[in-house]
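> Letter by letter, the sequence shown follows residues 1 to 311 in full-length UniProt numbering.
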Amino acid sequence: DSTKPSGLQVLPQGYGWSLLYGSLLLGLVGGVCTLGAGLYARASFLTFLLVSGSLASVLVSFVAVGPRSIPLTPRPGPNGSSLPPQVGHFTGFNSSTLKANLGAGYAKDYTTGAMMTFASVFAVLFNGCTGIMAGANMSGELKDPSRAIPLGTIVAVTYTFFIYTLLFFLSSFTCDRTLLQEDYGFFRAISLWPPLVLVGIYATSLSASMSSLIGASRILHALAQDDLFGVILAPAKVVSRTGNPWGAVLYSWGLVQLVLLAGKLNTLAAVVTVFYLVAYAAVDLSCLSLEWASAPNFRPTFSLFSWHTCL
1 DSTKPSGLQV
11 LPQGYGWSLL
21 YGSLLLGLVG
31 GVCTLGAGLY
41 ARASFLTFLL
51 VSGSLASVLV
61 SFVAVGPRSI
71 PLTPRPGPNG
81 SSLPPQVGHF
91 TGFNSSTLKA
101 NLGAGYAKDY
111 TTGAMMTFAS
121 VFAVLFNGCT
131 GIMAGANMSG
141 ELKDPSRAIP
151 LGTIVAVTYT
161 FFIYTLLFFL
171 SSFTCDRTLL
181 QEDYGFFRAI
191 SLWPPLVLVG
201 IYATSLSASM
211 SSLIGASRIL
221 HALAQDDLFG
231 VILAPAKVVS
241 RTGNPWGAVL
251 YSWGLVQLVL
261 LAGKLNTLAA
271 VVTVFYLVAY
281 AAVDLSCLSL
291 EWASAPNFRP
301 TFSLFSWHTC
311 L
């Protein structure tokens, strides 16, 4: 219904509620990862199907839905007051809408009240593109990692780049700046079947969480086995009879649970992005060192690899 606010508030809101929801979902994700890579693979395939269905419905909606006005949820103002209600507009494909959306036009993040900048927007967006290491993190679980990791990584990055770029263009051609800045869940407002968008959002969050948790636990387990941090990572050495590092999964789960105490994850985006950039820089420097040292066990299959690409 285009006359209803398009916000994603379908459950009670607040810091305590958000912490509860995050903890419950983290417990579910931790349970899946604790039971092993086999269950994780099946769960990931299920979430992939759900996300694909949701994405397909959004793409069709851009074409099938006509122009409409979308009332936005009133934002809190100073001294407990509410700001005047705003209305976003879905215009359909319109070159004027695209021209109006060109340029930065940074505004306040309505979820945190902080003024957005290029750095803050980059930090939030970058966290949606960090799955590039998912395959490498799971190398110990793959049957043929030397083939699966390069092929899977390139295909995944290419597919993700195409989908993100397509959504960027479709949104900028059809949604005015007010709708884009004041309602992060605007896909629901323009969807032919809004509940499917919610399903896609939740499935995407679960998939990313599972990938991050199981990948982090494998890296943590490897660090523990090398005794790089002594007794600090000793619990991460524990494995099941089948070799599943459930101790590292629980260790990672505990660290993530502490992060959830921050409440607004956008406030952590910049810090998380810095850690990712440092990790990627370390990988690049490692490849550079191995290339310069002519290590006999370092034989990259990427045809365009050289020490220049490490930089």
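We put the CB at the ideal spot given by N, CA and C, even for glycine.
Which one of Gly243, Ala282, Ile219 and Ser306 has the shortest CA to CA distance from residue 324?
Within the shown structure, residues of the chain are numbered from 1 to 311, placing residue 324 beyond reach of any answer.
> Any idea which residues DSSP pairs Met115 with across the strands?
Met115 pairs with Lys108.
> Ordered along the chain, which non-local residues of its own chain (more than five positions away) have a Cβ less than 7 Å from that of Cys310?
Correct list, in chain order: Asp284, Cys287, Leu288 and Glu291.
> For Phe45, which three-state DSSP category applies?
Correct three-state label for Phe45: helix.
> Could you check where the alpha helix (DSSP H) with Ile149 kicks off and where it finishes?
First-last of the alpha helix (DSSP H) with Ile149: Pro145 to Thr174.
> In the structure shown, what three-state DSSP assignment does Leu20 receive?
Helix, per DSSP.
> Which value, in whole angstroms, describes the spacing of the CA atoms of Lys237 and Met138?
In a straight line, the C-alpha of Lys237 is about 17 Å away from that of Met138.
> Can you tell me which of the three DSSP states Phe90 falls into?
Correct three-state label for Phe90: strand.
> Go through its chain and collect everything with a Cβ distance to Thr3's Cβ below 6 Å, but skip five positions before and after it.
Reliability of the predicted coordinates at Thr3 is poor, the pLDDT of 39 falling under 50, and the value obtained from them is presented with this limitation in mind. Excluding sequence neighbours, Thr3 sits near nothing in its chain.
> Helix, strand or coil for Ser52, going by three-state DSSP, please let me know.
Ser52 falls in the helix class under three-state DSSP.
> Work out the CA separation of Asp176 and Leu102 for me, nearest whole Å.
Roughly 11 Å separates the two Cα atoms.
> Just to confirm my understanding: we take Thr174, look at its own chain, exclude 5 residues before and 5 after, and list those with CB closer than 8 Å. What are they?
Correct list, in chain order: Phe62, Phe90, Thr91, Gly92, Phe93, Asn94, Thr97 and Ile190.
> Hey, which unbroken runs of the alpha helix (DSSP H) at 4 residues or more fall wholly within the stretch 233-266?
246-260, all fully within the stretch 233-266.
> Is the CB-CB distance between Ser217 and Pro245 below 7 Å?
Cβ atoms of Ser217 and Pro245: closer than 7 Å.
> Using only the alpha-carbon positions, how far apart do Gly7 and Phe186 sit?
A caution first: Gly7 carries a pLDDT of 47, below 50, which makes its placement in the model unreliable, though a value can still be read off. Whole-angstrom Cα-Cα distance: 8 Å.
> In whole angstroms, what is the alpha-carbon distance linking Ser211 and Gly131?
About 8 Å.
> If you drop the 5 nearest sequence neighbours on each side, which residues of the same chain put their C-beta closer than 7 Å to that of Trp307?
The residues are Leu288, Glu291 and Trp292.
> Tell me the rounded alpha-carbon separation between Ala269 and Ala123.
So the alpha carbons of these two residues sit roughly 5 Å apart.
> Can you give me the C-alpha to C-alpha distance between Val32 and Leu83, rounded to a whole angstrom?
Cα-Cα distance, rounded: 43 Å.
> Let's test the definition: count the other Cβ atoms within 10 Å of the Cβ of Val231 and tell me whether it reaches 16, buried, or not, exposed.
By the neighbour-count rule (16 or more Cβ atoms within 10 Å), Val231 is not buried but exposed.
> When you compare only the Cα positions, how much space is there between Gly247 and Leu125?
Between Gly247 and Leu125, the C-alpha separation is close to 31 Å.
> With burial defined as no fewer than 16 other Cβ atoms inside 10 Å of the residue's Cβ, what is the status of Asp183: buried or exposed?
With 16 or more Cβ atoms within 10 Å of its Cβ, Asp183 is classed as buried.
> Cutting at 8 Å between CB atoms, please list the residues of its own chain near Tyr251, excluding the five before and the five after it.
The answer, listed in chain order, is Ser217, Leu220, Leu233, Pro235 and Ala236.
> Are the beta-carbon atoms of Thr165 and Val51 separated by less than 7 Å?
Not closer than 7 Å, so no.
> Applying the criterion that 16 or more other CB atoms from any shown protein chain within 10 Å of the CB defines a buried residue, is Trp253 buried or exposed?
Flag for Trp253 reads buried.
> Is it buried or exposed, Ser207, if we count other Cβ atoms within 10 angstroms and call 16 or more buried?
Result: buried.
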